[in-house]
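J.: What follows is a single structure, and I will ask about it in a moment.
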Amino acid sequence: MFGVYAPGQAAAHLTYAGLYALQHRGQESAGMAVSDGDHIFVVKDMGLVTNVFDERQLAPLHGHHLAIGHTRYSTTGSSTWSNAQPVYRSVGEVSFALGHNGNLTNTPALAAEAGTLPGTLGSDSDLVAELLQQAIGRTGSRSDGRELEMALLKVLPRLEGAFSFVLMDESHLVGIRDPNGFRPLCLGKLDAGWVLASETPALDIVGAHFVREIEPGELMVIDAGGCRSLHPFEPGRVEPRLCLFEFVYFARPDSQLYGQNVHAARQRMGELLADQAPLPADTLSPARPAMVVPVPESGIPAAQGYSHRSGIPYGDGLVKNRYIGRTFIAPSQQERSQGVRMKLNPLRESIAGKRLVVVDDSIVRGTTQRTLVRMLREAGAAEVHLRISLPPVRWPCFYGMDFGTRGELLAANMSVGEIREYLGCDSLAYLELDRLVEATGSPAAGFCTACLTGRYPVAVPPELSKAILEQSVPAPAGPVAEEPGVLDLAP
Ligand code: SF4
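Going by the working numbering, the sequence shown opens with residue 6, and the numbers climb by one from there.
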C-alpha cells in the first residue's frame with residue numbers, strides 16, 4: 006500500500022512508482038485513487054502494476070496532489086475485479102477510498118452488525134468501507150471536513166485482526182496500523198509533502214526520507230496542517246506483534262523493519278542455521294566437496310550467512326526464470342510440481358558430484374522442496390541437505406498470509422523426520438524459533454509466531470474462510486476461541 010500528500014506534485018505518478026516498489030506484496034490486482042481537491046477518481050484492474058497503469062491513465066491525473074494505491078494479495082474475498090482496491094464509497098457530500106493490508110478476524114460479527122445481506126459484500130476491506138459509510142451517514146457533514154476521521158474513531162475500535170490501512174477523502178490522507186501492528190506501515194517525508202508506504206523501499210523510490218514506522222494502534226491524519234497522530238484503541242489492546250514471516254520472506258530485503266535491515270537479518274538467520282545445524286565434518290574434506298546453494302531469490306542472504314559462518318563455499322546451483330511471478334499458483338499437485346520446474350532449473354556443471362547445503366526461507370506445503378531435491382539429484386548432486394530459515398509451519402495464518410488449511414501444511418501432519426523422508430533429502434534442519442527471533446536484531450520488539458506455535462495473539466473463529474462474505478448462506482457458527490492463545494484446530 007502507498008499513499009502520498011504532496012501539493013504541487015504529480016501524486017498519481019509518485020503512487021505508480023511506489024506501487025512498483027511494492028509489487029511483491031500483491032500480484033492479483035492493482036489500483037489507485039487520486040484527488041484534485043474536489044473529486045476522487047479511481048483506476049483499478051486485475052494484474053500487475055505495469056499491466057494496469059500506463060501513461061493513458063496517469064496523464065489525465067497530472068494535477069492531482071493526493072493519492073493512495075494498492076496491490077492485492079487476497080486472504081478474504083476471491084481474486085476478482087470487484088474485490089480489487091482501493092475500495093471507493095460516497096455518502097452525501099463525503100467520498101473516500103480505502104486500501105487494506107491484512108485480514109480481519111471478526112468479519113462475521115461485523116457483517117451482522119452492519120446488517121448486510123449475505124453475499125452482498127466481497128471482502129473484509131469492503132465491509133470496513135461499509136461500516137465507515139454508515140458512520141458518516143449517521144453523523145452527516147461537518148464544517149471542519151473531518152467526517153472520515155470521526156467515522157474512523159468510531160469504527161476502528163470494533164475491528165479485530167490484522168489491518169494496516171491507507172485512506173483518503175478529497176483533502177486528507179490517513180494511515181492506520183492495528184493494535185498489534187501485524188503488517189508494516191511507515192511514514193516518509195518529501196520536500197513538500199508526506200508519504201505512507203507498507204515498506205521503506207517505496208519511500209526511497211519516490212525520493213522521500215524515512216521518518217518512522219506508524220506505531221501499532223496509531224491513526225495518522227495528514228492534511229494541509231501537517232501530520233496528526235491519534236490513538237483510537239484502548240491502551241490494553243496495544244501489543245506489538247509484527248508478522249515474523251515478513252522478516253523471513255515477505256518483505257523486500259532492502260526494507261527496514263523494527264529499525265533493522267531485512268537483508269542483514271536474513272544473513273544472520275543463515276549464520277545461526279550454520280551454528281545450529283552444521284554439516285558433518287567429513288563433508289568438508291577436499292575429496293567430498295560441499296557447496297552452499299540458495300533457493301533464489303529469498304534464500305540468497307541466508308545462504309550467504311550459512312556459507313560465511315561455516316566456511317563452506319557459496320555457489321549458484323539453481324537458476325530462476327525471472328519472468329515467473331513470486332507465487333506460482335496452480336490447481337493440481339502435478340501442475341504445481343511442473344511450476345517448480347518452470348521456475349527453477351539446476352546448474353549441472355556447478356553441482357554435479359557435490360554435497361549441497363540448500364538454503365531456503367520456508368516450507369509450507371513442501372511442493373517446491375520435494376521437486377527441487379529430485380531435480381538436484383537428477384542433475385548429479387551427491388547429497389542434498391536442506392536448511393530452512395523459518396521453523397516448521399504447523400498452523401494456518403488468519404492475519405494476512407494465505408498458507409491454506411492445516412491439512413495442507415506439511416509440518417502440521419508430519420514429524421521433521423517424516424518430512425525429510427517425504428522430501429527425499431539427506432538431512433533437514435529448521436532454524437529454531439529463539440535463534441530466528443535473535444536474528445531479527447529486535448528480539449524484544451514483539452512478534453506474531455502463531456503459524457509456528459499455535460499461539461494466536463488475537464482470537465480467531467475456526468470457521469473463518471476466504472469466502473466468508475461471498476457465500477450466499479452464512480457459514481455455520483463454529484467454536485470460537487474466546488481468548489487469544491492456543492487454538493485447537495486439530496483435524
Ligand atoms: S500467523 Fe505467521 S504468517 Fe500469519 S501473521 Fe503470524 S507470523 Fe505472520
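By construction, the Cβ of each residue, glycine as well, lies at the ideal position given by its N, Cα and C atoms.
(1) Are there 16 or more other CB atoms within 10 angstroms of the CB of residue 254, so buried, or fewer, so exposed?
(2) Classify residue 528 as helix, strand or coil using the three-state DSSP reduction.
(3) Going by beta carbon distance, what residues of the same chain come within less than 7 Å of residue 258, once the five residues before and after it are set aside?
(4) Would you report the Cα separation of residue 141 and residue 30, rounded to the nearest angstrom?
(5) Whose CA, out of 185, 232, 187, lies closest to the CA of residue 201?
(6) Helix or strand or just coil, what does DSSP make of residue 50?
(7) Anyone know if the C-beta pair for residue 40 and residue 90 falls short of 8 Å?
(8) Shorter than 7 Å, the distance from the beta carbon of residue 328 to the closest heavy atom of the ligand SF4, or not?
(9) In this structure, does DSSP put residue 333 in helix, strand or coil?
(10) With a floor of 3 residues, list each beta strand (DSSP E) that falls wholly inside the stretch 146-189, ordered by position along the chain.
(11) I need the DSSP call for residue 414, collapsed to helix, strand or coil.
(12) For the beta strand (DSSP E) holding residue 76, just list the boundary residues, first then last.
(13) Please report the residue range of the alpha helix (DSSP H) in which residue 2 lies.
(14) Could you check which residue in 384, 368, 50 has the C-alpha nearest to that of residue 425?
(15) If you draw a straight line from the alpha carbon of residue 336 to that of residue 370, how long is it in whole angstroms?
(16) Which residue wins for smallest C-alpha separation from residue 465, given the options 404, 458, 119?
(17) Excluding sequence positions up to five away, which residues of its chain have a Cβ less than 6 Å from the Cβ of residue 429?
(18) Taking its Cβ as the centre, do 16 or more other Cβ atoms sit within 10 Å of residue 398, making it buried, or is it exposed?
(19) If you draw a straight line from the C-alpha of residue 190 to the C-alpha of residue 419, how long is it?
(20) In terms of residue numbering, what span does the beta strand (DSSP E) encompassing residue 351 cover?
(21) So, for residue 444: in the same chain, excluding its five sequence neighbours on each side, which residues have a beta-carbon less than 7 Å away from its beta-carbon?
T.: Straight from the coordinates:
(1) buried
(2) The structure shown does not extend to residue 528, since the chain spans only 6 to 496, so no value can be given for it.
(3) 267, 268, 271, 306
(4) 31 Å
(5) 232
(6) strand
(7) no
(8) no
(9) For residue 333, the predicted model reports a pLDDT of 42, less than 50, meaning its position is unreliable; a value from the coordinates is still stated below. Correct three-state label for residue 333: coil.
(10) 166-173, 178-182
(11) coil
(12) 71-77
(13) Absent from the model: residue 2. The displayed extent of the chain is 6 to 496, so no value can be given.
(14) 368
(15) Confidence at residue 336 is low in this model, with a pLDDT of 45, below 50, so its placement is unreliable and no value can be given for it.
(16) 404
(17) 378
(18) buried
(19) 36 Å
(20) 349-351
(21) 270, 273, 274, 277
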